[in-house]
Amino acid sequence: LSVAQNMFLGHPLTRGGIFVASREQERRAAEALAAIDPSIDPAAPLGTLKVAQRQIVEIARALLDRARIVAMDEPTSSLTPSEFERLAQVITGLARDGVAVVYVSHKLDEVFGICRRATIMRDGVVVDSVDLKDLSEKAVVAMMVGRELAQEHHNSHATNKVMLSARGLSSATKVRNVSFDLHRGEVLGIAGLVGSGRTELLRLLAGADRATAGTIAIDGKAARFAGPRDAIAAGIGLVPEERKREGIVPLRSITSNMALASMNVFAPRGVIDHTRLKQVAVDRMSRVNLRPFLLDRPIRLFSGGNQQKAIIGRWLAAGTRILLFDEPTRGIDVGAKAEIYHLIEELAAEGHAVIVVSSELPEVIRLADRVLVMRDGTIAAELHRDDISEQAIAAHAIPQTQTPAAQQARQ
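All residue numbers for the sequence shown refer to our numbering, where the first residue is -5 and numbers rise by one.
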């Protein structure tokens, strides 16, 4: 279905009560989208849009319905800062027009910037409802997690040993002539705007997409990936951006989801060794601190943070040495985010090589030993630890407008 058809799903505009008024739907959809992102074509198939763009469509649909109460659940988890600024203006306008907005988010800077009051929950129970002007972010975090979070400082565990080497990697979509090395114990951050090729690069490394040019080497030996199975066999695991669609089987248990990448271990002759499977599940899920510790419970009933832990546990069970994280803390709360950070740092300390793609620049700065900044499918800059800052990343990520004189000089 198109963007416009999705926005009018359940209440299509019709002519004479029979025929769908497609052009009128597209016109009204375009009006609603213009308030947030006018670049989205209402006639485009929704499935062709990036995650961030699909989230914008969901928000625009709520605006289209002219609802008196609008509930937004993590509406900015895939948005860039500029897209969030546009959304904040829309929310402010809705409130000014008398619309009540319920805004669910783990991003406290957004909550403090948009909301007047907040209801804080922990473990399914309301802790308190407060006036935000009377509290600091630190106080709200303490109420959310039941404790004060310790201030962490970056510790590098990177060595000189190259575990993964990419040279001249290109894809049929976004990636163009990308080259870099990843070292044992290193956390390599990849930053850039939505559409810069970050996710597409991880998909190449994980065997989910095929490279049209270039080479990948693991421990100095050439590797060719016909699909994800080859990448897994080479010791590479992907924690995907779209966790619910690409990372889990919702109706299956934690144990079953953990075993997905290791069936050759648990069922070498086609028959599952349930005793060994349970032993490994207990060990790996204890390692990632799964809560509640109910291994037979369907994974869809767990929070986003615990689903993410289960995916990490899957790769630990598979013996993965190179972990690729795409937006590792998207849609999870502050406490779980701190735990994921700690897990990533522990993995690096144990000798794993880690790549982290994130739209949240503080997250990249918090975790990375080194940052590659992507723009238009290529690496625009490489920043080492002392040079990493939001300003430096943004300066390389945002395309620079050139004057005619500069363009002529470049030619």
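Quick reminder that beta carbons are idealized off the backbone N, C-alpha and C, glycines included.
Less than 7 angstroms between C-beta atoms, sequence neighbours within five positions excluded: which residues of the same chain meet that for residue i?
i: Arg404; result: Any reading at Arg404 must be qualified, since the residue scores a pLDDT of 34, below 50, and its modelled position is unreliable; no value is offered.
i: Asp290; result: Ser247 and Thr249
i: Met138; result: Ile114, Arg116, Asp327, Val328 and Gly329
i: Ala38; result: Ser(-4) and Val(-3)
i: Lys168; result: Gly191, Glu194 and Gly371
i: Leu271; result: Thr249, Ala253 and Phe260
i: Ile226; result: Ala255 and Ala312
i: Thr8; result: Val14 and Ala15
Buried or exposed, going by whether 16 or more other CB atoms sit within 10 Å of the CB of residue i?
i: Asp408; result: Outside the displayed span of the chain (-5 to 405) sits residue 408, for which this structure offers no information.
i: Gly186; result: buried
i: Gln402; result: In this prediction, Gln402 scores a pLDDT of 42, lower than 50, which makes its location untrustworthy; no coordinate-derived value is stated.
i: Met257; result: exposed
i: Glu251; result: Before going on, a small fix: residue 251 reads as Asn here, not Glu. Buried: at least 16 other Cβ atoms inside 10 Å.
i: Arg60; result: exposed
i: Val14; result: exposed
i: Ile359; result: buried
i: Gln406; result: The structure shown has nothing for residue 406, since the chain only spans -5 to 405.
i: Pro393; result: exposed
i: Ala56; result: buried
i: Phe260; result: buried
i: Ser353; result: buried
i: Asp203; result: buried
i: Arg90; result: exposed
i: Ser123; result: exposed
i: Ile12; result: exposed
If I measure Cβ to Cβ from residue i and keep anything under 8 angstroms in the same chain, skipping five residues before and after, which residues do I get?
i: Leu27; result: Val(-3), Ile34, Pro36, Ile50, Val51 and Ala54
i: Leu102; result: Glu131, Val134, Val135 and Val328
i: Ala391; result: Ala185, Gly186, Leu187, Ser190, Val367, Met368, Arg369 and Ala374
i: Asp125; result: Arg110 and Arg111
i: Met157; result: Leu176, His177, Arg178, Ile212, Asp213, Arg315, Ile316 and Ala347
On the premise that residue j lies in contact with residue i, defined as a C-beta separation below 8 angstroms, what is that separation, rounded to the nearest angstrom?
i: Arg161; j: Met368; result: Rounded, the Cβ-Cβ distance is 16 angstroms, inconsistent with contact.
i: Thr70; j: Glu104; result: 6 angstroms
i: Leu254; j: Arg294; result: That pair is no contact at about 15 angstroms.
i: Glu320; j: Val351; result: Position check: residue 320 holds Asp in this sequence, whereas Glu was assumed. Sure, about 5 angstroms apart at Cβ, within 8 angstroms.
i: Ala29; j: Val84; result: 5 angstroms
i: Ile230; j: Leu318; result: 7 angstroms
Near residue i, which residues of its chain fall below 6 angstroms by C-beta distance, leaving aside the five closest residues on each side in sequence?
i: Ser159; result: Asp175 and Ala211
i: Ala342; result: His151, Gly179, Val181 and Val348
i: Lys331; result: Thr323
i: Asp31; result: Ile50
i: Val406; result: Because the chain here runs from -5 to 405, residue 406 falls outside it and cannot be looked at.
i: Asp267; result: Phe260
i: Ala275; result: Thr249, Met252 and Leu289
i: Asp345; result: Here residue 345 is Gly; the residue named in the question, Asp, does not match the sequence. Hits under 6 angstroms: Arg178 and Gly179.
With a Cβ-Cβ cutoff of 8 angstroms, do residue i and residue j count as a contact?
i: Leu182; j: Ile349; result: yes
i: Ala112; j: Glu77; result: no
i: Ala200; j: Leu232; result: yes
i: Arg281; j: Gly307; result: yes
i: Ile63; j: Ala94; result: yes
i: Ser173; j: Asp370; result: no
i: Ile184; j: Leu195; result: yes
i: Gly299; j: Ile334; result: yes
i: Leu73; j: Ala23; result: no
i: Gln301; j: Pro322; result: no
i: Thr206; j: Ala216; result: no
i: Ile387; j: Val365; result: yes
Going by the C-beta, is residue i closer than 7 angstroms to any heavy atom of the ligand SAH?
i: Ala185; result: You won't find the ligand SAH in this model; it holds no ligand whatsoever.
Discussion item. Which complete alpha helix (DSSP H) runs does the stretch 66 to 136 hold, if anything under 4 residues is left out?
Written reply: 75 to 90 and 102 to 108
Discussion item. What ranges does the alpha helix (DSSP H) occupy inside the stretch 367 to 396, keeping only unbroken runs of at least 4 residues that lie completely in it?
Written reply: 384 to 391
Discussion item. In chain order, what are the residue ranges of uninterrupted beta strand (DSSP E) at least 3 long that sit wholly in the stretch 7 to 77?
Written reply: 63 to 67
Discussion item. Quick check on the DSSP output: what are the complete alpha helix (DSSP H) runs of length 4 or more inside the stretch 141 to 202, in order along the chain?
Written reply: 192 to 199
Fill in: 3-residue-minimum beta strand (DSSP E) runs that sit fully inside the stretch 223 to 280, ordered along the chain
230 to 233
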